[in-house]
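Structure first, then comments.
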Amino acid sequence: QAAGAQTAPLEFPDAFRYEFDLAEIAELWRRGSVIRSWLLDLTAQALLRDPELAGVRGRVSDSGEGRWALKAAVDEGVPAPVLAAALFQRFGSRASGDFANRILSAMRREFGGHREADAPDGSA
């Protein structure tokens, strides 16, 4: 239940409408905390450039390594639940453009120039 309460705003954003400056919050976390994270740096950059992430659809692509590794794990009988969850999250992101997936996609674009996945009909 605790996890559900923490992720509910990401899954049901219409029920949690607040006017937060996410770019400023990301900067506060980056500069005002003992926690340091390159991924947070990249997320802050993405939010500074596009605070609403209007230019990000949230369809997280995969380049095939995760699929290959998961298939190999299955073939060898090696548990890989985190890898499976990550791969399935990417697949799920292609069906919805929720803000959590848009943040993830924006962060991936920042650190590796990763393109977003095309829509199922092939459109960008």
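Residue numbering for the sequence shown follows the numbering used here, beginning at 1107 and increasing consecutively.
C-beta atoms are modelled at their ideal positions from N, C-alpha and C, and glycine is treated no differently.
Which of helix, strand or coil does DSSP assign to residue i?
i	result
Glu1133	helix
Glu1262	Here the chain comprises residues numbered 1107 to 1230, so residue 1262 is not present and cannot be evaluated.
Asp1194	Note that residue 1194 corresponds to Phe in the displayed sequence, not to Asp. Residue state, collapsed to three classes: helix.
Pro1187	helix
Taking buried to mean at least 16 other C-beta atoms within 10 Å of its own C-beta, is residue i buried or exposed?
i	result
Ser1183	Position check: residue 1183 holds Gly in this sequence, whereas Ser was assumed. Its Cβ having fewer than 16 others within 10 Å, Gly1183 is exposed.
Leu1116	exposed
Leu1159	buried
Ser1169	exposed
Ala1152	buried
Trp1174	exposed
Ser1202	exposed
Could you pull the start and end residues of the alpha helix (DSSP H) that residue i belongs to?
i	result
Ser1211	1205-1218
Arg1221	Arg1221 -> no alpha helix (DSSP H), and no H or E assigned at all.
Gly1138	Here Gly1138 belongs to no alpha helix (DSSP H), and DSSP marks it neither H nor E.
Ala1201	Looking at the DSSP string, Ala1201 is not in any alpha helix (DSSP H), and its letter there is neither H nor E.
Check whether the Cβ atoms of residue i and residue j lie closer than 8 Å to each other.
i	j	result
Val1162	Arg1196	no
Glu1171	Ala1150	no
Arg1165	Ser1199	yes
Leu1128	Met1213	no
Leu1176	Ala1191	no
Every unbroken alpha helix (DSSP H) within the region 1143-1185, with a cutoff of 4 residues, ordered by chain
1144-1155, 1171-1182
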